[in-house]
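Inspection log for the structure reproduced underneath, given as structure tokens.
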Amino acid sequence: MLYRLNNPAPGRPVTSGYGYRIHPIRGGRKMHRGIDYGGQFDVLAAGDGTVTHIGWSPRGGGHVVKIKHATDCYTVYYHGAHRTQLKKGQHVRAGDKIYLSGTTGSSTGNHVHFEVRTGRNGAWGTNTDPNPYFSASSATAPTNNTLRVTGRLDKYTWVAWQTALKGHGLYTGAIDGIPGRLTHLALQRWSGADLTGKLDLATLKAVQVRLGVDDDGVWGVGTVRELQKELLQGLAGAPTPEPEPIIAPPIVPIIVPEPVARVMTRQEVEAIRKRNHFDAMKDKK
Ligand SMILES: [Zn+2]
């Protein structure tokens, strides 16, 4: 039987699920070994247990805390804003604060990367999908406070979108799930549309092009579903702008006079031959 865990970030949007996704920094398909919850908030212990590790991840995880819940069930929390106040060996209860989520280590914005590991004897063990461990009340997928592929452009979708855009440095506003001028500007930066700050037809279409759906200018169920899928996998960054054309300086032609070809005289040929022979003799000495 699986150990039952609670959501370590209740009410926070899942910005990247467990499984394959496009890596937000390095690009390329990569296995995402945990669940990312976006934003800055108190990260909570997912279950009763003992703190077995507190440290700084040498592999980009920032401030890391590991909790043992059962012989083959550990949870690990990454990218904390600071070192946890908890002590190694301390017993924690489900819901105890671990730390404030942050963006330490290799990270594009405030979030917690949450992992479930099945290692034994204190080893780091194997990653596994946390979802089956969650008790029904704290499951990430079926609750209405997390991002799901519904085709509805709801507040949670906007929250996840704003979080992801902020993570890419494109959004400067608050993560409030309410799209305004700053959100529209971020979408325009993300999609390469003109920066009008309004959700105009050109922006609606540019976003659709970016998502790889029909650009009819209407964000219907199909468009929103694609958006939600991409948000769950980790939204790709802004398109690489076309390189500026390099204007080369004008080339000033240098006129080299053509050498005048002429036939050598017999004396000249003889002189060259003697000199070559003389040089060859010199080299032998
Ligand atoms: Zn992650």
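For what it's worth, this note's numbering labels the leading residue of the sequence shown as 63, then goes sequentially. Just so it is clear, CB atoms sit at the ideal spot from N, CA and C, and this is done for glycine as well.
Between D104 and K159, which are expected to be in contact by the criterion C-beta below 8 Å, what is the C-beta distance as a whole number of angstroms?
5 Å
Could you name each continuous alpha helix (DSSP H) segment of 4 residues or more that falls completely within the region 255-293, going from the start of the chain to the end?
263-273
Could you tell me the alpha carbon to alpha carbon distance between G171 and G142, rounded to whole angstroms?
11 Å
What I want to know is whether the C-beta of S78 ends up closer than 7 Å to one or more non-hydrogen atoms of ligand 1.
yes
Hey, out of G229, T234, D238, whose CA is closest to D216's CA?
D238
Residues in the same chain with beta-carbon distance under 7 Å from G279, minus the five sequence neighbours each way, listed in chain order, please.
L263, L266, K267
Taking 7 Å as the cut-off, does the CB of D104 come closer than this to any heavy atom belonging to ligand 1?
no
Helix, strand or coil, according to DSSP, for V154 in the structure here?
strand
Check whether the Cβ of D98 sits closer than 7 Å to any heavy atom of ligand 3, and report yes or no.
Ligand 3 is not part of this structure, which contains only ligand 1.
Where T77 and Q152 are concerned, what is the direct C-alpha to C-alpha distance, given to the nearest angstrom?
30 Å
Between the Cα of Q147 and those of N68, D98, V126, A132, spot the shortest distance and give me the residue it belongs to.
V126
Helix, strand or coil: how does DSSP classify S197 here?
coil
Flag this pair as yes or no: are the beta carbons of G96 and F196 separated by less than 8 Å?
no
How should Q270 be labelled, buried or exposed, when 16 other C-beta atoms within 10 angstroms of its C-beta is the threshold for buried?
buried
In chain order, what residues of the same chain lie with their CB nearer than 6 Å to the CB of S119, ignoring the 5 residues before and after it?
V126, G167
Can you determine whether any heavy atom of ligand 1 sits closer than 7 Å to the C-beta of H175, and answer yes or no?
yes
Rounded to the nearest angstrom, what separates L162 and R287 at their Cα positions?
31 Å
DSSP state of H94 mapped onto helix, strand, coil:
strand
CB-CB under 6 Å to R150, same chain, minus the five flanking residues each way: which ones, in chain order?
In the sequence under discussion, the amino acid at residue 150 is Lys, which differs from the Arg named in the question. Contacts found: V113, I116.
Examine ligand 1 and report whether any of its heavy atoms sits within less than 7 Å of the Cβ of H144.
no
DSSP-derived helix/strand/coil call for T112
strand
Taking 8 Å as the cut-off, decide whether the C-beta atoms of Y99 and V174 are in contact.
yes
Tell me the residue span of the alpha helix (DSSP H) that contains R243.
243-253
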